[in-house]
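In the working numbering, the protein residues as written are -7 to 277. Where a beta carbon is used, it is the ideal one built from N, C-alpha and C, also for glycine. These numbers come from a predicted model, not from an experiment. Step one of this worksheet: look at the structure below.
Put into structure tokens, the structure is as follows:
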């Protein structure tokens, strides 16, 4: 059985997120450890990790991923921002470790015009420090970005360079289908436009030998055209990613054992729902 999950609210406790996953027909889960728009976090000792584990056992929902907050920027020239990012990521790695989770998904941030060559060693050094200080059973997953405003990781070669340079088994990556589409990687057998040569997402992952470090997939449609550089998710079938292309990508043999996580607005605007879960299930062979 394929692992199909969603990013869901943990309001009321992470165990409630497990219940919400089961209620929409999901069998895995992604959540935030707190508000994604503030730095403050509750004391880990106040989190009822035992209740989460019991609820997972009862409802057969696993694995759990934690998504880092939106404020992190490991590529910033501001040392205080990098330090705050390190602290909150260390918290999330500890949080996910105590959950028995499978990783913390992070957006690395923006180089803010300085360019990839100028910041890549900084990012690699910060990632190395973070993993050295985090629990030994924790995993950090770099998410590809949509290519907007100097965001690191829209070019998969950047993800590959960081994985190779840091050289840790506890560092992997997560591919987001909306972000790949927005960054100019086509998911199917051919590009949706022919006036410029674009890269196949599958071919590029093959070329860079990135399958082995891929730990989960964010399955999202896109509200914006191909190569737009815009990160705006859509419900499955309501966006501009061709259904056949999404099906083609998701049924690659390398993905059959990986969790698929929906991060869609929901047909009622309340986040991932049973209808999106069922639509995703129908895409899978």
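Looking at the strands, I want to know which residues DSSP matches up with residue 96.
The sequence position of residue 96 within the chain shown is 104, counting from 1. Note: residue 96 sits in a beta bridge opposite 58 and 132.
Pick from 91, 111 and 134 that is closest to residue 164, judged by C-alpha positions
Translated into positions along the chain shown, residue 164 becomes position 172. Residue 134 is the option with its Cα nearest to residue 164.
Buried versus exposed, by CB contacts within 10 Å (16 or more), residue 236:
The residue labelled residue 236 in the question sits at position 244 within the chain shown. Under this definition residue 236 is an exposed residue.
Do the stretch 198 to 214 and the stretch 257 to 266 touch if we need at least three Cβ pairs shorter than 8 Å?
no
Give me the Cα-Cα distance between residue 84 and residue 176, rounded to the nearest whole angstrom.
Numbered from its first residue, the chain shown carries residue 84 at position 92. Numbered from its first residue, the chain shown carries residue 176 at position 184. Straight-line Cα distance between these residues: approximately 31 Å.
Going by beta carbon distance, what residues of the same chain come within less than 6 Å of residue 301, once the five residues before and after it are set aside?
Because the chain in this structure spans residues -7 to 277, residue 301 falls outside the shown range and cannot be described.
Residues of its chain near residue 104, where Cβ-Cβ distance is below 6 Å and the 5 sequence neighbours each way are ignored:
Here the question's residue 104 lines up with position 112 in the chain shown. Result list for residue 104: 142, in chain order.
Which residues in the same chain as residue 275 place their Cβ atom closer than 7 Å to its Cβ, once the five residues preceding and following it in sequence are excluded?
Within the chain shown, the letter at position 283 stands for residue 275. Answer for residue 275: 238, 239 and 242, listed in chain order.
Is the CB-CB distance between residue 111 and residue 149 below 7 Å?
By 1-based counting over the chain shown, the position of residue 111 is 119. By 1-based counting over the chain shown, the position of residue 149 is 157. No, they are not a contact pair.
What does a CB cutoff of less than 8 Å around residue 270 pick up in its chain, not counting 5 residues either side in sequence?
Within the chain shown, the letter at position 278 stands for residue 270. The residues are 17.
Is the beta carbon of residue 14 sitting closer than 7 Å to the one on residue 63?
Along the chain shown, read from residue 1 onward, the residue named residue 14 stands at position 22. Along the chain shown, read from residue 1 onward, the residue named residue 63 stands at position 71. Not closer than 7 Å, so no.
By the three-class DSSP mapping on this structure, what secondary structure does residue 108 have?
Walking along the chain shown from the start, residue 108 turns up at place 116. Residue 108 falls in the helix class under three-state DSSP.
Would a check of beta-carbon distances place residue 110 closer than 7 Å to chain B?
No chain B appears in the structure shown, which is made up of a single protein chain.
For residue 200, the first and last residue of its enclosing alpha helix (DSSP H)
Position 208 of the chain shown, counted from the first residue, corresponds to residue 200. Counting along the chain, the alpha helix (DSSP H) containing residue 200 begins and ends at 193 to 200.
Taking the straight line between their C-alpha atoms, what separation do you get for residue 58 and residue 90?
In the chain shown, counting from the first residue as 1, residue 58 sits at position 66. In the chain shown, counting from the first residue as 1, residue 90 sits at position 98. Rounded to the nearest whole angstrom, the CA to CA distance from residue 58 to residue 90 is 11 Å.
Note the first and the last residue of the continuous alpha helix (DSSP H) segment covering residue 206.
As a working mapping, residue 206 is identified with position 214 in the chain shown. Per DSSP, residue 206 belongs to no alpha helix (DSSP H); it is in the beta strand (DSSP E), 206 to 211.
Are the stretch 69 to 79 and the stretch 216 to 228 touching by the rule of at least three beta carbon pairs closer than 8 Å?
no
Per DSSP, what kind of secondary structure is residue 165 in: helix, strand or coil?
Reading the chain shown from its first residue, position 173 is the one you call residue 165. Three-state result, residue 165: strand.
By how many angstroms is the C-alpha of residue 99 removed from the C-alpha of residue 137?
Reading the chain shown from its first residue, position 145 is the one you call residue 137. Reading the chain shown from its first residue, position 107 is the one you call residue 99. Approximately 7 Å, taken between the alpha carbons.
Exposed unless 16 or more other CB atoms sit within 10 angstroms - verdict on residue 38:
On the chain shown, position 46 is the one that residue 38 refers to. Exposed, by the Cβ-count rule.
Residues bridged to residue 20 (per DSSP)
Within the chain shown, the letter at position 28 stands for residue 20. In DSSP, residue 20 forms a bridge with -3.
Collapsed DSSP secondary structure at residue 66 in the structure displayed:
As a working mapping, residue 66 is identified with position 74 in the chain shown. Three-state result, residue 66: coil.
Among residues of its own chain, excluding the 5 on either side of residue 153, which ones have a beta-carbon nearer than 7 Å to its beta-carbon?
To locate residue 153, count along the chain shown from 1; it is residue 161. Within the same chain, residue 153 has close Cβ partners 112.
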